[in-house]
Structure formats: structure tokens, C-alpha cells
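Participant: Chains as they are written, first to last, in the working numbering: chain R, 70 to 346; chain X, 247 to 563; chain U, 153 to 423.
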Amino acid sequence: MAKPFVEFDHAGFTYDGQRFVFEDLSLTIPQGQFVCILGGNGSGKSTLAKHVNALLVPDAGVVRTFGCDTRDAEHTYFIRSNAGMVFQSPDDQLVASLVENDVAFGPENLGIENPELARRVKNALAEVGLQGFEKHETTALSGGQKQRVTIAGVLAMDPAILILDEASAMLDPRGRAGLMRVCRELHEAGMTIVMITHFMEEAAQAQRVVVLDSGCVRLDGTPGEVLSQAAVLAELNLDVPFACRLSLELQSRGIPVATCITESEIEEELCRLNSIR
Amino acid sequence: MPIEFDQVGYTYIDPKSRKRKARRVERGQGASERGKWGTDPDAIWALREISFTVEDGEFLGVCGHTGSGKSTLIQHMNGLVHPAEGRVLFDGKDMADKAVAARVRTSCGMVFQYPEHQLFAETVYEDVAFGPRNMGLSADDVDARVREGLSSVGLDFEELHEKSPFELSGGQQRRVAFAGVLAMRPKVLVLDEPVAGLDPKARREFLALIKGLHETGLTVVMVSHSMEDLAELCDRVLVLSEGRRLLLGTPDEVFANAELLKSVGLAVPAPQALALRLRERGFSLNRGLYDVEGLAADLADELAPCLAARFEEAGKR
Amino acid sequence: MSEVAVFGQYWAGDSPVHRMDPRVKMLLSLAVMVVVFCAQGWLGLGACAAFIVGFFLAAQIPISQALRSIAPLLFLVVLTALLNVLFVQGGEVYFQWWIICVSEEGVTRAAFVACRLFLLLMSASLLTLTTATLDITEAFERLLAPFARIGLPAHELGMMMGIALRFLPQFTSELRTVYRAQVSRGATFTANPFKGGVRSLLALMIPLFTSAFRHAETLSSAMDARCYHGGVGRTRLRELSLGRLDAAGVAAVALMLAAVLACNVLAAGIL
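#1: Based on the DSSP secondary-structure assignment, which residues constitute the bridge partners of ILE232 of chain R?
#2: For a quick check, are the C-beta atoms of ALA367 of chain X and PHE358 of chain X less than 8 Å apart?
#3: Round the Cβ separation of TYR256 of chain X and LEU293 of chain X to the nearest angstrom and send it over; I've been treating them as touching at under 8 Å.
#4: Measuring alpha carbon to alpha carbon, tell me which of X:ALA560, X:ARG527, X:ALA555, X:ALA521 ends up nearest ALA542 of chain X.
#5: Roughly how far, in whole angstroms, is the beta-carbon of CYS200 of chain U from the beta-carbon of VAL412 of chain U, given that I think they are within contact range, below 8 Å?
#6: I'd like the ranges of any alpha helix (DSSP H) spanning at least 4 consecutive residues and lying wholly in the segment 103 to 172 of chain R.
#7: Can you have a look at GLU250 of chain X and say buried or exposed, based on whether 16 or more other CB atoms are within 10 angstroms of its CB?
#8: Just reading off the alpha helix (DSSP H) that SER352 of chain U is part of, what are its end residues?
#9: Assuming PRO73 of chain R is part of the alpha helix (DSSP H), what are its boundary residues?
#10: Assuming ALA442 of chain X and MET239 of chain R form a contact by the criterion Cβ under 8 Å, report the distance between their Cβ atoms to the nearest whole angstrom.
#11: Helix, strand or coil for TYR331 of chain U, going by three-state DSSP, please let me know.
#12: Are PHE305 of chain X and VAL466 of chain X close, meaning C-beta to C-beta below 8 Å?
#13: Could you check whether the Cβ of CYS313 of chain R sits closer than 8 Å to any Cβ belonging to chain X?
#14: Out of R:VAL279, R:PRO228, R:ALA312, R:ARG341, point me to the one whose CA is closest to ILE148 of chain R's CA.
#15: Can you tell me whether DSSP reads VAL237 of chain U as helix, strand or coil?
#16: In chain order, what residues of the same chain lie with their CB nearer than 8 Å to the CB of MET430 of chain X, ignoring the 5 residues before and after it?
#17: Are at least three pairs of beta-carbons, each pair with one atom in the segment 283 to 301 of chain U and one in the segment 311 to 327 of chain U, less than 8 Å apart?
#18: Closest to ARG301 of chain U by CA distance: which of U:VAL384, U:MET313, U:SER221 is it?
#19: Using only the alpha-carbon positions, how far apart do THR232 of chain U and VAL259 of chain U sit?
#20: Do you know how far the Cα of ARG523 of chain X is from the Cα of GLU559 of chain X?
#21: Of all the residues that make up the segment 319 to 343 of chain U, which are near chain R by a beta-carbon distance shorter than 7 Å?
#22: Check whether the segment 396 to 410 of chain X touches the segment 342 to 351 of chain X, taking contact to mean three or more Cβ pairs, one atom from each stretch, closer than 8 Å.
#23: Going along the chain, which residues of its own chain have a beta-carbon closer than 6 Å to the beta-carbon of GLY86 of chain R, five neighbours each way excluded?
#24: Are at least three pairs of beta-carbons, each pair with one atom in the segment 169 to 178 of chain R and one in the segment 384 to 402 of chain U, less than 8 Å apart?
#25: At 7 Å on the CB atoms, spell out the chain R contacts of TYR246 of chain U, in chain order.
#26: Using alpha carbons as the reference points, say which of R:PHE135, R:LYS215, R:ASN110 lies closest to ASP160 of chain R.
#27: Does any residue of chain U bring its CB to less than 8 Å from the CB of GLY564 of chain X?
#28: Please tell me whether ALA246 of chain R and THR331 of chain R are closer than 8 Å, where the distance is taken between their beta carbons.
#29: Return no unless some Cβ of chain X is closer than 8 Å to the Cβ of SER211 of chain R.
#30: Note down, in chain order, every chain R residue with its Cβ under 7 Å from the Cβ of ALA560 of chain X.
#31: Using the Cβ count rule (16 or more neighbours within 10 Å means buried), how would you classify THR285 of chain X?
#32: If I'm right that PHE75 of chain R touches THR134 of chain R with Cβ under 8 Å, what's the distance once you round it to whole angstroms?
#33: In chain R, what lies closer than 8 Å to PRO517 of chain X by C-beta?
#34: Can you check whether the CB of LEU365 of chain X is closer than 8 Å to the CB of ASP373 of chain X?
#35: Does the Cβ-Cβ distance between ASP234 of chain R and VAL164 of chain R come in under 8 Å?
#36: Is it the case that the Cβ atoms of GLU325 of chain U and VAL184 of chain U are separated by a distance below 8 Å?
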């Protein structure tokens, strides 16, 4: 097992000093993992995300990112420069009018000098598939493009971990697909990714899925293990993936299919059954 | 009260400069400016040659990519936007007439994207009362409308009417905004992506709410990105692509065109997509449009005999 | 979505004027305005006009575009001219009615002031037409940088200006959406302010303010997350450097000043 990058050790957090968003949360995310965090509204998933890069610090227990206690203000700068975060609304997080200035904002804050700075901006835009957009106005881009610019802005800081806090919630299907493709490619290149979402088709593409329910880890495992738990997902008011719903319907009709979570899996499964005749 | 679109075209550029451009085109300059579409900043036409009718009591779905002209199209329905070409008729009367347009405002309720961002009043009551008050109703009528509006979106009047709308949860805020439109007792309800940004639970509740409103006799026009929702709820679906009408018909008719939809980057509902792929791989699956239950039933029927034969064989051995 | 030209709109291009250092351009456009003010007679103003036309040619901006960009401000020119016609008296009287008196001197003076104001607007629009708003903010910030030592928050002012410019188009589009939404609910914005008009105005302004606060909250988190900690230790993607073009620009404006001064002397001599 790779060394833990992010470690929630019996962490507790409250906004108002009375009601805890989570009270005793323990979770470890190793280097290089692509983990999706699911949960309904009020499950604490966004609060969890903001703990990873010390935007919020726990009121009880400890959160360690890269082994550093996030409560220690000395580490804040180090943690934030290595843990990049993308928020839900692209319009609220773009700082500059021009794409290249926005992407450069992070590394400029880190004091990166030219020509390294210019190289990073160029590479980051290439990584999210927006080569040649340097001089475009950010307001003229589509939602999906804007969100990719914000990812480029984080990548230009050369982070070790990327946190996406419902970054796809406001995008149309094409924008979501583009965002997911970028995340998969980054993960293949070695990036650790923590993705907060409520879209099942996104969770199905992760390595590990964690389901939160009122501040507690309810399910934790591979997408296959977690997303096939239709009863628990329904109880938590989450969507059950289409392939899983179909498998269960077929099983209830006496067809011996395995419980699948992606459409290509169930397609292959059905064709296999059909070919036996 | 049907809303009829007759050869509607719309452009972001004001007619005067369009004429100037047209002259330039005639003189042979700027010919390339024509035929550019969608999000292209040089785009001239947001809508082109749109003809269809929203029938009384129907549930019409509208889909298309960002920049395909959906939002512009629905804003023609209550006269917020006037066509540059063609006419929009409400109950047979041209909406270019200001008196008609003013009447349409109250009969055609428009719910914008993220409607909770338009809340403004100190109390929920005042916010919902805004529309009825603008209609010039008496205080008693306004009060009745507010109670009716809140109850039709499933909110408790006694509990909420004195609260500030800004204290409520996101889902409740959106309900209040809905109530504000319903309090005007519209005949037609036009919704621009009513469930965008909601979590799965709130999304399902909202769709159920909209379905219920339609069942009470309201005509509903809904813009959505979710083909599954459109297939399940709509009587007819209108597909826009680059400002033009690509398809219009029942969900069965529209989603039979998987290839055409794919060519403009749109998908068909997941069960339908899987059914079409399986059909190519030797399954018969001959229904027009599949949902999960329908697909499971047909697959079970198709697979059962051969599975039974296999068990028999295994039994003999 | 609106394509209506507004004052300060950037006209993308790659002319020598576009490529000049924005700081130099900013200072030079100030200098040009001073020179226009220095021009004493029609001859001097003519010289200014000639130079400004020359600058527009160098910037490869069609005069029609330049005129369109200052069109919203032309009423200022007309207003100033009218005031001068009415208040400057002297010489032959062309027209008199009640307290209105149009005289020769008034008309001449009005024409002169109008021309001067027109040229001032043209030279200001040359800066905004050839310089992206972002470059203007950057130039502004850097020009103020020396004053940081006496406590002027140059970086913060620049950052504020930049963010304001970034959100301006967004607020415009949000305002339009809120406007349309409230109109859909029967709001009227032209009616009597004492009969529901105030409420309609609130219905427009409050959503706009709440949206501004919402944006600000996330934006500050996002800036924190990207390690923003003020101007200290920050580097810049774009480094501004002076080049031959800037020298040429300075020379051109110096020449303009010389020409105008010469015209002034000439005019004074003749008179």
C-alpha cells in the first residue's frame, strides 16, 4: 500500500459549535488513488473536501495532508500549494478575464519565475485539452471549458492531489464527459484525485467509492462493491446506476446475470448469455 | 391556449446592423459571416425557421446543446423576446401586439434556471405575493393566491410564510420561487432546466411535483439535458440543433433516431441506447422506446427459453 | 451577447500601437490629452487632429469604429457646445429671443471647445481600443507601484480593478436574467415609483446583491486555495519591457507637442 496522502483520524467538525457535520470520521486516501465521494445533501461531503487543503480545520481529531497536521498554520501554505481544489461554480472561481492570466494566478502566487511560469501555463492548458485558448476571454467560454480552465489553473501549481468539489454539478452532459476524461487522464499520469459528486456514471469510473451518510462512512470499496448495493443507495436517496437497476430487474425475473455497474459490463454479460443457446 | 411558432427566427444583432451586414454580404464582403452558429461569437442567428405549436394540456420537452437556442426559444413563449422573423401566436393572436403580450405574461408562467437566485423579499409571503400584486389583485385575492401557490409546491404556509427566503435550504428556495410563478395561476408553465444543480433526492421530488402540476391540467414546457427525464415525462419532445428544429415527435419517434441525435452530440436514454446496441448484436428487442422495466421484461422473455433449454441439457447429463 | 460598441471596447489587432507597452501607452495618451489642451488656436487644433488621425492609421483602426466607440459620449460634446453658445457673448449677434442670445464669439468658442473635446475623446478611445482592459489594469498597477512605499496599496487596487472587470460582463448577464424573470412575474420598471415601482426595483437589485455576495464568498475561498497572499513574492506571467516601438511612440508624441507649440507661437505672431 502506498503511503497515505490524506488521513482523517477521528475528525470532527461543526460550523455552529452545536451540530457536528461529522463527529468521528476516519478515512485514509493513499497516493495515486482516484476516489469518488458520494452522499446526499447534508452528508458532509463538501465539508470533508475543504478539510483536505486546510480551508477548514477539524474541531476534534486530526486531519493530516501529506503527513502534516492541517491545524498547524505553518503547513497551510505547503498543503494548499500541493493540494489543488476545484469548486462547483466555474463563474465564481475564475479570477482573471483572460484564460492565460487565470491559469497563471496560482503559480504567480507561488512565486514561480518565467520562463518556467509560461511553460507551466502552456502545459496545464494542453493537459486539459485547451491548447491555443491562452488569449480567450474567460466569460466567453462554455461551462465545461470554464471548468477545465479552473483545473488548468490548479494543475499549473503542480499539485500532488486534485480535489473536485461537485465540479461537474452545473455542467451539461458534454461538459461533464469532458471533465471526466481530463480526470481519468490525469489519474493515469499518476495524480491522486478526490472527486465529490452525485453522478453515478462518474463514480463508476473511479478506483474507489466512499459513500457518506450524515458524516459517517457508510460504504467504502471498489465501484463494483459499492454501486451494486442498490438497497443502501436507495435508502440514502442516491441514484442507483442504470446497469445495476437492470441487473436487479433481470435477476428478479429469474435471469442469472451478475450485478453489473457499467453499461458495457451488462452488455457483455447479456451477449454471453445469449450466445449459449 | 396553444402557443404557435410560425417560421420564427431570432438574432442577437439588432435589425439595423443586420441590414448593414446584409448589404455588405450583397456586395460580396463578409460572405463567410453567414452560416456560423451556436456559441461562436460571430453567430448571427440564434433561431432559424422554427415552426411548431405547443398544444393545450400537453407536456412538451425541449432539448439541445448549450447554445442550441433552447433558452431563447422558450423566452419567446411569454413575449420576453420578440422574433426578428416570423410570428409567435398565443391563442391565435400575434404577440407582437403589446396588449396581447401583456395578457400572455400572466397566462404563461416562466421559471428560469436557478430560479432561487431571483428571490428578493424579506419574507416568503412577500416574495410569492410579488406576481399577484403586480396583477393588481385585491389583498384578499393576493392572500389566497399565496396560500395556493405555497401548497401546490408542497410547502407549509403557516410554518414558512414569515421566514426570510434566504434562511431556507436550496431545495426549499427553489420551491418558493416556483410558488411565486404558480401564484399567478398560469395556464402554461415554462421551465428552463428546473432540476439543474439539485441532488438526486431533490431532483426526483421536483420531477414528481412537475408531473403532478401537469396532471392538474397545466400545459408544461420543460427544457432538460436528461433524456431519461424527457422520455419518462413528455408527450412530445422537440430537439434543437444550432438554432433549427432537428426533431419533433413523441419520445418513441424522437429516440428512434439514435444516429441522428449522436451526430449532433446528443444521447438517447440509457435503456434505449443499450437496447439499440443489443439489437445490433443479435437480440430482437422490437419495441420503439425502452425504459428499464420494459427492457428487463423483453430481455427476460428472450433469454428464458434458451436458459431453460440449457438447464434441461445439464439435467440430462 | 450585445454587439453594441461601448466606450472602452477593445478592438483586437496586431498593429505597432497594439504592441506598445501599456504603461507607455497610458502615459502617452495622457500626454496627448495635455497637448490637445495646450493647442491655442485652430491651427494648433488642426495639427493635433492630423497627429491623432496619424495615430489611428498606425493602429489600423477604421475611423468608423473609432467614431462608434465614442458615440455614447458625443452628447457631452454637444452639451458643452450648447453651453458655450449660450454663455459666451461678444461680436455680431446672429439671433436673439428672450434671454437666449447667439453671438459670433459664442459660436466660434463653441465650435473650438467642441472640437477640442472631440479630439480628447478620440485620444482616450485610442488607448482603450488598442489596449486590453487587463493590460490597462496591469499598467495602472505598475505605474502606481513606486507609491507603494508611501503606503498606497497599488497591488490591491490593481487586483480589485482586475476582478471588477472580470465580473462586469457576468453581472450584466445576470442583471438581464433577473430583469426578464421579474418582468415575467408582471413587474414594471417604467411605472410610477410610488405604485409598485420601488418594489420592482428592489426585486431587481436584491438578487443582484445576493449574487455578488455569493460569488465573493466562493471567490475568496478559491483564491485562498490557490495560495493568494497579497502582492508580496508574487511573480508575473507577462513581463513588461520597453522596446523600440515605445521609443517611436514617445518621439511621435514629442513631435506632436513641438508642432502644436510651433502653431501656437505662429498664431500668436500673426495676431
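All C-beta atoms in this analysis are idealised placements derived from N, C-alpha and C, irrespective of residue type, glycine included.
Keep in mind that this is a model prediction, so the values were computed, not measured.
Facilitator: The answer reads as follows:
#1: R:MET154, R:VAL263
#2: no
#3: 4 Å
#4: X:ALA521
#5: 6 Å
#6: 114 to 121, 142 to 151, 159 to 162
#7: buried
#8: 350 to 377
#9: Per DSSP, PRO73 of chain R belongs to no alpha helix (DSSP H); it is in the beta strand (DSSP E), 73 to 83.
#10: 7 Å
#11: helix
#12: yes
#13: no
#14: R:PRO228
#15: helix
#16: THR352, GLY355, GLY377, PRO378, MET381, ARG391
#17: yes
#18: U:VAL384
#19: 12 Å
#20: 30 Å
#21: PRO321, GLN322
#22: no
#23: none
#24: yes
#25: Here the premise fails: no neighbours, minimum Cβ distance about 51 Å.
#26: R:LYS215
#27: No statement about residue 564 of chain X is possible, as the shown extent of chain X runs from 247 to 563 and does not include it.
#28: no
#29: yes
#30: Here the premise fails: no neighbours, minimum Cβ distance about 11 Å.
#31: Low local confidence applies: a pLDDT of 38 at THR285 of chain X is under 50, so the model's placement there is unreliable, and no value is given.
#32: In the sequence on display, residue 75 of chain R carries Val and not Phe. Yes, they are in contact, since the Cβ atoms of VAL75 of chain R and THR134 of chain R sit about 5 Å apart, within 8 Å.
#33: PHE311, LEU315
#34: yes
#35: no
#36: Note that residue 325 of chain U is Ser in the sequence shown here, rather than Glu. Against a cut-off of 8 Å, the Cβ pair of VAL184 of chain U and SER325 of chain U comes out as no contact.
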